[in-house]
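Comments concern the structure below.
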Amino acid sequence: MLKSLATLLFFRSFSRRFPRSARRGTVRTETPLTRLDLPPTLSAHLGCDAVGFPARHGFRLLGGLPRYGCVFADTDWWWWIVPAGSDLELTWPLPSHYARGAYVPAVNPRLIRRPDDTSPYTPPIPLYLMACQLTGTAPRWTAGVGGARTA
Numbered sequence: 001m002l003k004s005l006a007t008l009l010f011f012r013s014f015s016r017r018f019p020r021s022a023r024r025g026t027v028r029t030e031t032p033l034t035r036l037d038l039p040p041t042l043s044a045h046l047g048c049d050a051v052g053f054p055a056r057h058g059f060r061l062l063g064g065l066p067r068y069g070c071v072f073a074d075t076d077w078w079w080w081i082v083p084a085g086s087d088l089e090l091t092w093p094l095p096s097h098y099a100r101g102a103y104v105p106a107v108n109p110r111l112i113r114r115p116d117d118t119s120p121y122t123p124p125i126p127l128y129l130m131a132c133q134l135t136g137t138a139p140r141w142t143a144g145v146g147g148a149r150t151a
């Protein structure tokens with residue numbers, strides 16, 4: 001159900017940016033995605049994914065994080081670069097959008113915040129907890145290997 005709602009919100013946002021008249025005559029079955037390219041001076045040795053939030057939440061999230069990596073934005077969404085696999089065993093709350101490989105449904109995203117150090121990553125757990133706080137959602141993650149105790 002949540003995945004369906006996330007998809008619905010995503011496509012609703014997409015259809016506002018790309019009106020039906022602009023899409024007429026195309027036979028695309030997938031949404032066009034843009035790869036967020038990191039500055040060449042930053043090394044993404046852990047791979048990279050992106051977590052997006054509607055732009056109206058951008059400054060609030062940014063202000064609440066102890067540190068941040070690269071942050072990209074277009075008119076509708078802000079995207080934080082996180083290490084690849086930051087969605088494992090986590091359920092990111094709506095209206096966030098998790099983008100594997102940092103392929104995002106954005107129109108001309110630009111780098112708006114750059115980290116002070118050489119890591120392009122925003123720590124995913126503080127970002128996740130801020131997202132939960134912002135949306136009024138209780139944090140949820142599943143017990144991983146060794147996480148569940150058996151009697």
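Taking this note's numbering, the leading residue of the sequence shown gets 1, the next gets one more, and so forth.
Glycine included, each C-beta is placed from N, C-alpha and C at the ideal position.
As the structure is a computational prediction, the values presented were derived from the model and not from experiment.
query, result
"Report the option in R35, D87, V71 and G58 whose CA atom is closest to the CA atom of I125.", "D87"
"Between the beta-carbon of V82 and the beta-carbon of D49, is there less than 7 angstroms?", "yes"
"For P120, which residues from the same chain have a beta carbon less than 6 angstroms from its beta carbon, with the 5 sequence-adjacent residues on both sides left out?", "L38, L42, A44, G69, C70 and I81"
"From what residue to what residue does the alpha helix (DSSP H) around A131 run?", "P124 to T135"
"Would you say P95 and C132 are within 7 angstroms of each other, going by their C-beta atoms?", "no"
"Look at A84 and T34 and say whether their C-beta atoms are less than 7 angstroms apart.", "no"
"At which residues does the beta strand (DSSP E) containing R60 begin and terminate?", "R60 -> not in any beta strand (DSSP E); alpha helix (DSSP H) instead, spanning G58 to G64."
"Among Y98, H57 and L65, which has the Cα closest to the Cα of V51?", "Y98"
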